[in-house]
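Data first, discussion second: the structure below is written as structure tokens.
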Amino acid sequence: MAVQRTFSIIKPDATERNLTGAINKVIEDGGLRIVAQRRIHMSRAQAERFYGVHSERPFFGELVEFMTSAPVVVQVLEGENAVSRYRDVMGATNPEEAADGTIRKLFAKSIGENSAHGSDSEENAALEISQFFSEADIVG
Ligand code: GDP
Numbered sequence: 101m102a103v104q105r106t107f108s109i110i111k112p113d114a115t116e117r118n119l120t121g122a123i124n125k126v127i128e129d130g131g132l133r134i135v136a137q138r139r140i141h142m143s144r145a146q147a148e149r150f151y152g153v154h155s156e157r158p159f160f161g162e163l164v165e166f167m168t169s170a171p172v173v174v175q176v177l178e179g180e181n182a183v184s185r186y187r188d189v190m191g192a193t194n195p196e197e198a199a200d201g202t203i204r205k206l207f208a209k210s211i212g213e214n215s216a217h218g219s220d221s222e223e224n225a226a227l228e229i230s231q232f233f234s235e236a237d238i239v240g
């Protein structure tokens, strides 16, 4: 299987609780390499663009508020089947449904404040990576 890249965000509920290192350990133990990483405070425009696909959903306003409420850590992860592998490492959106040992089972507070984002397809991974990183930022 091919080496892929995926895009990750360590969300505000996790950075606020100083969980960046703990989450990075789960990512690395899951067989993914962190090949780019930056801590940023997302602007409203960045969050609205990033989650544009959810703009009609009832929780969109709450999601944008949350993602701009505190710093996040944006990352590029690399590994075999990185997109689906990271979805497995993160666990289900709702932490109550997430498997043991996953980031969301271990750390998430709720379905909204769920500690991590990971791209859902290779195409979206490329689009999301390009919103936050240039190729020169990524060191594989
Ligand atoms: P993901 O791909 O597992 O992150 O899930 P989705 O693409 O369905 O949703 C994107 C993000 O929106 C989730 O990670 C949550 O942070 C948030 N979200 C999803 N469903 C809900 C909800 O019912 N309520 C709230 N407040 N946030 C939600």
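Numbering-wise (our numbering), the sequence shown opens with residue 101 and increments by one.
The beta-carbon is built from N, C-alpha and C at its ideal position, and this holds for glycine as well.
According to DSSP, which residues form a beta bridge with residue i?
i, result
"H217", "I109"
"I123", "DSSP, once it has assigned bridges, lists no residue as partnering I123."
"G64", "This structure leaves residue 64 out entirely; the chain is present only between 101 and 240."
"R290", "Shown here, the chain extends from 101 to 240; a query on residue 290 therefore has no answer."
"I134", "L177"
Check the C-beta distance from residue i over to residue j and give it rounded, since I have them as a contact under 8 angstroms.
i, j, result
"V173", "T120", "5 angstroms"
"V189", "V135", "Wrong, their Cβ atoms sit about 15 angstroms apart, outside the cutoff."
Nearer than 6 angstroms: is that true of the beta carbon of residue i relative to any heavy atom of the ligand ATP?
i, result
"N214", "Although the ligand ATP was asked about, the structure shown includes only the ligand GDP as ligands."
Smallest Cα separation from residue i: which of the options?
i, options, result
"S169", "I123, F233, P112", "P112"
"S210", "I140, G218, G179, A198", "A198"
"P158", "G212, A236, I110, L227", "G212"
"F48", "I123, S143, L206, A114", "For the chain, the structure presents residues 101 to 240; residue 48 sits outside this window and is missing."
Please list the terminal residues of the continuous alpha helix (DSSP H) segment that includes residue i.
i, result
"G152", "Looking at the DSSP string, G152 is not in any alpha helix (DSSP H), and its letter there is neither H nor E."
"K205", "203-207"
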